[in-house]
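The sequence shown maps to residues 1 to 132 in the numbering used here.
Since the structure comes first, as structure tokens, the remarks are kept for the end.
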Amino acid sequence: MTIKVGDIVKYNGVEARLMRISDDKKPKATLAASGIEIYAYVCELELVESVPLPKFKIGDLAIVNDIPGCEKRHYGCNWVYTMDNIVHMCASNGPQIVEDIQTRLDEGPIVKVRNYWFQPYHLTPVQQFDMV
1 MTIKVGDIVK YNGVEARLMR ISDDKKPKAT LAASGIEIYA YVCELELVES VPLPKFKIGD
61 LAIVNDIPGC EKRHYGCNWV YTMDNIVHMC ASNGPQIVED IQTRLDEGPI VKVRNYWFQP
121 YHLTPVQQFD MV
């Protein structure tokens, strides 16, 4: 199985979330673990948990779930403190609309919600139902 951004991997006995993969000839990974940032070659990583990434389309509804501080500090598409407002908005007001979707070589798929880019590993899709 291929290791991807968002997965939980092990490197030198430490479990961490894979936040970014470089597109070098020998790809390097940025890992976020409790209190530390780790850089390692992807070929040196052991997959612990393959995290299923939800699929989104523009116009879908999503809940942005909170993530640990270590993941925010090393977030693939750069976490800024105001992104916490979107997390709180989802918790208090419900899901938000997916505005755009891109796939980047180093970050994998990313989803735009309220003008911020998020990695989908911590987003929850919400089913929309038509009223009859």
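Each residue gets a CB set at the ideal place from its N, CA and C atoms; glycine is no exception.
As the structure is a computational prediction, the values presented were derived from the model and not from experiment.
Check, Outcome
"Distance, Met-89 Cα to Ile-21 Cα", "30 Å"
"Proximity below 8 Å, CB of Leu-123 to CB of Asn-65", "yes"
"C-beta contact flag for Gln-119 and Val-5 at 8 Å", "yes"
"Close beta carbons around Lys-57, own chain, < 8 Å, minus the five adjacent residues each side", "Val-98 and Ile-101"
"Opening and closing residue of the alpha helix (DSSP H) in which Glu-46 lies", "Taken as a continuous stretch (DSSP letters only), Glu-46 belongs to no alpha helix (DSSP H), being part of the beta strand (DSSP E) at 46-49."
"Limits of the unbroken alpha helix (DSSP H) element including Arg-114", "It is not in any alpha helix (DSSP H) - Arg-114 carries neither H nor E in the DSSP assignment."
"Terminal residues of the alpha helix (DSSP H) in which Lys-72 lies", "69-73"
"Leu-45 classed as buried or exposed, judged by whether at least 16 other C-beta atoms fall within 10 angstroms", "buried"
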